[in-house]
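**Q** Have a look at this one.
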Amino acid sequence: MGDMGARVIKIEPLEGAPERQIGPFMDDDPHPDRSLFFWAHNTSKESLELDIERPEGQEVIKRLAAVADVILEDFEPGYLPSLGLGYKNLSARNERLVMTSLTAFGQDGPYRDYKSNDIVALAMGGIMHSCGYDDIPNTPPIRPSGDHGNKIASHYGLIGTLAALFNRHFSGKGQYIDASAHEACNSTTEHALPTYLYEGKNVFRQTGRHHSTTPTPKTLCKTADGKYLIVFQLFTNLHSWLSLVGWMADAGMAEDLQEEKYKDMARGGSRGMRAATDTTDSDHAFEVVRRFIASQTSEDIYRGAQNLKFPWGQVRSPEENLHDPHFAEDRQMFADIPHLEMGEGVSFKYVGRPYQFTESPWDAFRPPLVGEHTKLILSVDLEYSEQDLKTLEVNGIISSN
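For the sequence shown, my numbering gives the first residue as 10, with consecutive numbering after it.
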């Protein structure tokens, strides 16, 4: 929201937000202002250090809420209401306020006080069940990397918040959104839930491909340079099959795939292939294709497949996209953001946002230092006097940093 133009104020405890202690750190210096994890997730925000468990700190929150559009919070259920900072308290001063609480299991129900984290959300939500290997017996499920559980929950929280803001245009009133990380993850399990609800079938995980109720061809193929390619829709229709076989024949590697029985198989498409009781021919066809792919580099196979309009893709490490002109130059997915606090002309590269607006382009600024904007917010936005600020500082409500 901040990167797209909203003014976002991050309320932090006096020692700074806990995520500031997560590494890696700039120059391996474990300082709260040098956490690269914090940098990656906190662009375009202001920082207000505040002790919200003290009455004076609670008054600051109430005064901010009186003029805010949105409050986002992820405390444990019941914590903010116990401080007099629940939605009922805050919306009493501002009926247009939208407040979103993002917790592990929601604000009510028997699990509301259960402890959780990213990996628990992925496990309990069902996503982990679909990740792992089907070709190695007795292997456990595997957690996806990248803090996915928290990111999925955050995206659903954002969607709910934006929907409430849109509704406010018509109703004139805000509302409270109770978002659950567990439910967000459970809603992001492809077709596992509808398959069970409507067909009574359980899906099982498959190596490097979608989960399924029946085995599907192994579409993860190794290339000559040791990389992997994901291969889909070999048998979409006869035209695409003939294009593929022609490409392989030009390389002298079509083997027997030009025989009529494979054309008949291609006429049935992917659905017909999956429905077939005898998969001998399709299994053989995939093996021939795998041998062809293994004879070429990942780049050659990827470009050749895309030229033929095949939805094949390279399995890339995330950093490989940094050097792809499509993302780095044409789409400008990565942005250099100035860090003037480290010196004139100093900037660092950040991952951008996967959307582009014609009228309100993405425009991020660096993450805040701990409490960087505390006095500015209190004095300018809330009209606290210099003496008020000194009193808050002496009493430990705000930091003297």
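A virtual CB, placed ideally from N, CA and C, is assigned to each residue, including glycine.
Please report the straight-line C-alpha distance between Asn246 and Lys318, rounded to a whole angstrom.
**A** 13 Å
**Q** So, at 7 Å on beta carbons, what are the nonlocal neighbours of Glu82 in its own chain, with the 5 sequence-adjacent residues on each side left out?
**A** Leu89 and Ser110
**Q** For Met10 and Lys399, I'd like the C-alpha separation in whole angstroms.
**A** Each residue's alpha carbon lies about 32 Å from the other.
**Q** State the DSSP-derived secondary structure class of Ser100, mapped to helix, strand or coil.
**A** DSSP places Ser100 within a helical segment (H, G or I) once states are collapsed to three.
**Q** Are the Cβ atoms of Asp287 and Thr216 separated by less than 8 Å?
**A** no
**Q** Counting along the chain, where does the beta strand (DSSP E) carrying Asp345 start and finish?
**A** Phe343 to Pro347
**Q** Can you tell me which residues form a DSSP beta bridge with Leu111?
**A** Ala188
**Q** Quick check on Val403: buried or exposed, where buried means 16 or more other Cβ atoms within 10 Å of its Cβ?
**A** That one is exposed.
**Q** Suppose you measure from the CA of Ala193 to the CA of Leu401; what does that come to, to the nearest Å?
**A** 39 Å
**Q** Whose CA, out of Phe357, Leu243, Asp36 and Glu328, lies closest to the CA of His293?
**A** Leu243
**Q** Straight-line CA distance for Ile346 to Phe374?
**A** 6 Å
**Q** For Phe357, report the span of its alpha helix (DSSP H) as first-last.
**A** Taken as a continuous stretch (DSSP letters only), Phe357 belongs to no alpha helix (DSSP H), being part of the beta strand (DSSP E) at Ser356 to Val360.
**Q** Just the C-alpha distance for Val379 and Ala26, rounded to the nearest angstrom, thanks.
**A** 8 Å
**Q** So which of Ile128, Ser180, Thr52 and Gln305 has the shortest CA-CA distance to Lys19?
**A** Thr52
**Q** Could you spell out where the alpha helix (DSSP H) holding Ser252 opens and where it closes?
**A** Leu247 to Asp259
**Q** Quick one: grab the DSSP three-state call for Arg29.
**A** helix
**Q** The alpha helix (DSSP H) that contains Arg312, what's its start and end?
**A** Ser307 to Asn316
**Q** From Ala290 to Val298, what distance separates their C-alpha atoms?
**A** Inspection of the sequence shows that residue 290 is occupied by Asp rather than by Ala. Roughly 12 Å separates the two Cα atoms.
**Q** Would you call the CB atoms of Arg121 and Arg177 closer than 8 Å?
**A** In this structure, Arg121 sits away from Arg177, with a CB-CB distance that is not shorter than 8 Å.
**Q** Using beta carbons (cut-off 8 Å, strictly below), is Arg43 in contact with chain C?
**A** Although the question refers to chain C, the structure presented lacks it and comprises just one protein chain.
**Q** Taking all protein chains shown into account, do 16 or more other C-beta atoms lie within 10 angstroms of the C-beta of Ile80, making it buried, or fewer, making it exposed?
**A** buried
**Q** Quick check on the burial criterion: 16 or more other C-beta atoms within 10 angstroms. Buried or exposed for Ala113?
**A** Burial check for Ala113: the Cβ neighbour count within 10 Å reaches 16 or more, so the residue is buried.
**Q** Find out if the Cβ-Cβ distance for the pair Leu99, Ala74 is shorter than 8 Å.
**A** yes
**Q** Leaving out five residues on either side along the sequence, give the residues of the same chain with a beta carbon under 6 Å from the beta carbon of Phe301.
**A** Met257 and Met262
**Q** Mind the definition here: the stretch 189 to 205 touches the stretch 157 to 164 only if three or more C-beta pairs lie below 8 Å; say whether that holds.
**A** yes
**Q** On the criterion of 16 or more Cβ atoms from any shown chain inside 10 Å, does Glu58 qualify as buried, or is it exposed?
**A** buried
**Q** Pairs of beta-carbons, one from the stretch 303 to 315 and one from the stretch 227 to 235, closer than 8 Å: are there three or more?
**A** yes
**Q** In the DSSP output, which residue or residues are listed as bridge partners for Tyr237?
**A** DSSP output for Tyr237 lists Lys231 as bridge partner(s).
**Q** For Trp321, I'd like the list of residues in its chain whose CB is within less than 8 Å of its CB, leaving aside the five on either flank, ordered along the chain.
**A** Leu238, Ile239, Val240, Phe241, Ile310, Tyr311, Ala314 and Gln315
**Q** Taking the C-alpha atoms as reference points, what is the distance between Trp250 and His219?
**A** 22 Å
**Q** Starting from the C-beta of Ala173, find all residues in its chain whose C-beta is less than 7 Å away, skip the five residues before and the five after it, and write them out in chain order.
**A** Val107, Gly183, Gln184 and Ile186
**Q** Tell me the residue span of the beta strand (DSSP E) that contains Gln215.
**A** Phe213 to Gln215
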